[in-house]
């Protein structure tokens, strides 16, 4: 059964991309196809290239988008965007969308290990064909490595204490499930407010498993090389580490004179969307346009 999926800021993205009927557009994180569907409904004769690492998500997107012509779905990491586009015979495109959030499918799947509320094994792989899992990191990385990852990618101020607790527990017994790890973190930090204390630690592990920040820098630079004049790149990010990369990479590209930043400040969801779609609350949309 398809998970409930509400694409974040779909209307704002459609407007920002300036979609035209003859255009070629890449949804480089197509997921369950919510944003792609919006693009195709806006201009049904456009060409849509959807990229995702997750073959399960692609299967759902393929079913969702089957009524539209000119849809090409590719299982690939978004950092390989040029290979995907060139492989389909296109040299340039008119718009690129990146939504860096974790999909509903991944969060809700019992065996994917993304949610700290589940008894699933610690996994967190977006591409199930890759070898490294969150469980590997928790069981093998040294205490200092764990602390550095949790601090760098989770911005968690209790990172050293959490890493020490993890290594102490694993000497006595394996840490196998998401709930096992979440319980360890909760004992270290305690409950503070509405946000689960393990949120930052799980974010850090997911980023490390999937090399998300390295991938993001690469796809922005490679993707912008594909844009035709007037083409736009839209990036949705959900935490400060991602947004900082998008902001700084856009500034670097704009300084070279080939691009201009459309969003001096990021576009954020309206209050109605924040209330109806909890996953949108931290979202920021930044837009870049090729000028020559």
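Residue numbers (the working numbering): -9 to 282. Note that CB positions come from ideal geometry on N, CA and C, so glycine has one too.
message: Please report the straight-line C-alpha distance between residue 70 and residue 18, rounded to a whole angstrom.
response: 9 Å
- prompt: What does a CB cutoff of less than 8 Å around residue 203 pick up in its chain, not counting 5 residues either side in sequence?
  reply: 143, 197, 231, 232 and 235
For residue -9, three-class secondary structure by DSSP: Reliability of the predicted coordinates at residue -9 is poor, the pLDDT of 42 falling under 50, and no value is obtained from them.
- request: For residue 126, count neighbouring C-beta atoms within 10 Å of its own C-beta (all shown protein chains included) and say buried if the count is 16 or more, exposed if not.
  value: exposed
task: Could you spell out where the beta strand (DSSP E) holding residue 62 opens and where it closes?
output: 61 to 65
- prompt: If you follow the beta strand (DSSP E) that residue 219 is part of, which residue opens it and which one closes it?
  reply: 217 to 227
query: Mapping DSSP to helix, strand and coil, what is residue 85?
result: strand
- prompt: Within this structure, are the beta carbons of residue 21 and residue 42 separated by less than 8 Å?
  reply: yes
task: Report yes if the CB atom of residue 244 is closer than 8 Å to the CB atom of residue 259, and no otherwise.
output: no
8 Å contact criterion, which residue 123 and residue 116 should meet: CB distance rounded: Actually they do not touch by this definition, with Cβ atoms about 11 Å apart.
query: Can you tell which of 261, 176, 280 and 206 has the C-alpha that lies nearest to the C-alpha of residue 220?
result: 280
query: So who's on the other strand from residue 274, going by DSSP bridges?
result: 227
task: State the Cα-Cα distance for the pair residue 78 and residue 257, rounded to the nearest angstrom.
output: 32 Å
- request: Apply the 10 Å Cβ neighbour rule to residue -8 and answer buried if 16 or more other Cβ atoms are within range, or exposed otherwise.
  value: Its pLDDT being 48, under 50, residue -8 is placed unreliably by the model, and nothing is read from it.
- request: Confirm, please, whether the CB-CB distance from residue 59 to residue 28 is below 8 Å.
  value: no
- prompt: Is residue 249 helix, strand or coil by DSSP?
  reply: strand
Beta-bridge partners of residue 38, as assigned by DSSP: 15 and 61
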